[in-house]
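Chemist: This is the structure I have questions about; it appears just below.
Residue numbers (this note's numbering), protein chains in the order written: chain A, 1 to 117; chain Z, 118 to 229.
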């Protein structure tokens, strides 16, 4: 079974600083990878996804992530954060449960990003 | 507007009193899922459904039931709620394998 590890449970940064949120997954066999963001008192919203092709994926709000197959990583980055980026971020990987059948998203435990002025 | 709607948003109930959390999507999605979110544990899948009348257990199904009689609706049923089911619940839907999941706004359930 797939597992997703988000190495940092909390990341505090100052406004306009760069940030990297780390994510590692357990298997490199045909994975689809996602980053979701959850703002306070809201549901999850897709930031970006990797399905195939270019290993550098650009998402909304200036975020990007790089798929690294050899390191089984999918780290999320932003060169300059804003106060409004304060939220919880979840990395997820699609796991196929049966051949040609059901599947599910496996989530990491989340990283709380706090951007301070 | 494409959306997943959950009701209620907040619910406080007593142990043992049956309750249902509704979930409805207007995007004609095949896949629907229920998750619970607990601090430090992330999101864990409770049940999922690949289509009408097709449901299966996720990682933490104990104490929950679901049904999928219509494509758009996927209610979560707690027959006899217990305090350890106090959590934040999310319903999600998606069209297929590589498409993004759309999440509802969440239902915060407290069982006393």
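Note that the Cβ used here is the ideal one computed from N, Cα and C, for glycine as well.
Quantities reported herein were computed from a predicted structural model and do not represent experimental measurements.
#1: Inspect the beta-carbon positions of residue 87 (chain A) and residue 32 (chain A) and report whether they are closer than 8 Å.
#2: Under a CB-based cut-off of 8 Å, is residue 105 (chain A) close to chain Z?
#3: In terms of residue numbering, what span does the beta strand (DSSP E) encompassing residue 154 (chain Z) cover?
#4: Output, in sequence order along the chain, the residues in the stretch 45-57 of chain A whose CB is closer than 7 Å to any CB in chain Z.
#5: Would you mind sorting residue 166 (chain Z) into buried or exposed? The rule is 16 or more other CB atoms within 10 Å of its CB.
#6: Specify the secondary structure class of residue 176 (chain Z) as computed by DSSP and reduced to three states.
#7: Please work out which residues of its chain come closer than 6 Å, Cβ to Cβ, to residue 57 (chain A), disregarding the five sequence neighbours upstream and downstream, and give them in chain order.
#8: Cα separation between residue 19 (chain A) and residue 77 (chain A)?
#9: With 7 Å as the limit, tell me which residues of the stretch 151-170 of chain Z have their beta carbon closer than that to any beta carbon of chain A; keep them in chain order.
#10: What does residue 218 (chain Z) touch in chain A if you count any residue whose Cβ is under 9 Å from its own?
#11: Could you spell out the range, first to last residue, of the beta strand (DSSP E) harbouring residue 159 (chain Z)?
#12: Run through chain A and tell me which residues come within less than 7 Å of residue 222 (chain Z), C-beta to C-beta.
#13: Does the stretch 128-148 of chain Z touch the stretch 220-229 of chain Z, meaning 3 or more C-beta pairs lie closer than 8 Å?
#14: Mark residue 158 (chain Z) as exposed unless 16 or more other C-beta atoms lie within 10 angstroms of its C-beta, in which case mark it buried.
#15: Which chain A residues are close to residue 207 (chain Z), counting only those with a beta carbon under 9 Å from its beta carbon?
#16: DSSP puts residue 49 (chain A) in a beta bridge; with which residues?
#17: Please state if the CB of residue 209 (chain Z) and the CB of residue 127 (chain Z) are separated by a distance shorter than 8 Å.
Modeler: Taking the coordinates as given:
#1: Here residue 87 (chain A) corresponds to residue number 87 of the first chain, with the count starting at 1. Here residue 32 (chain A) corresponds to residue number 32 of the first chain, with the count starting at 1. By the CB criterion at 8 Å, residue 87 (chain A) and residue 32 (chain A) fall outside the cutoff.
#2: Locating residue 105 (chain A) in the first chain gives position 105, where the first residue counts as 1. So, interface residue.
#3: Along the second chain, read from residue 1 onward, the residue named residue 154 (chain Z) stands at position 37. Residue 154 (chain Z) -> beta strand (DSSP E) spans 148-155.
#4: Going along the stretch 45-57 of chain A in chain order, one finds 46, 49, 51 with a Cβ nearer than 7 Å to chain Z.
#5: If you number the second chain from 1, residue 166 (chain Z) lands on position 49. Residue 166 (chain Z) should be labelled buried.
#6: Your numbering for residue 176 (chain Z) matches position 59 in the second chain. In this structure, residue 176 (chain Z) counts as coil in the three-state DSSP scheme.
#7: In the first chain, counting from the first residue as 1, residue 57 (chain A) sits at position 57. 48, 50, 65.
#8: For this step, residue 19 (chain A) is matched to residue 19 along the first chain. For this step, residue 77 (chain A) is matched to residue 77 along the first chain. Spanning the two alpha carbons is a distance of roughly 6 Å.
#9: If the cut-off is 7 Å between Cβ atoms, the stretch 151-170 of chain Z has 157, 158, 159, 160, 162, 165, 167 near chain A.
#10: Translated into the one-based positions of the second chain, residue 218 (chain Z) becomes position 101. In chain order: 34, 36, 44, 46, 92, 105.
#11: The sequence position of residue 159 (chain Z) within the second chain is 42, counting from 1. Counting along the chain, the beta strand (DSSP E) containing residue 159 (chain Z) begins and ends at 159-168.
#12: Taking the first residue of the second chain as 1, we reach residue 222 (chain Z) at position 105. Correct list: 42, 43.
#13: As far as the Cβ criterion goes, the stretch 220-229 of chain Z touches the stretch 128-148 of chain Z, which means the pair count is three or higher.
#14: Taking the second chain and counting its residues from 1, the one referred to as residue 158 (chain Z) is at position 41. In the assembly as shown, residue 158 (chain Z) is an exposed residue. Its beta-carbon has fewer than 16 other beta-carbons within 10 Å.
#15: As a working note, residue 207 (chain Z) is residue 90 in the second chain. For residue 207 (chain Z), the neighbours in chain A by C-beta distance under 9 Å run, in chain order, 43, 44.
#16: Working through the first chain from its first residue, we reach residue 49 (chain A) at position 49. Residue pairing by DSSP places residue 49 (chain A) opposite A:34 in a beta bridge.
#17: To locate residue 127 (chain Z), count along the second chain from 1; it is residue 10. To locate residue 209 (chain Z), count along the second chain from 1; it is residue 92. If you check the CB distance, residue 127 (chain Z) and residue 209 (chain Z) do not come in under 8 Å.
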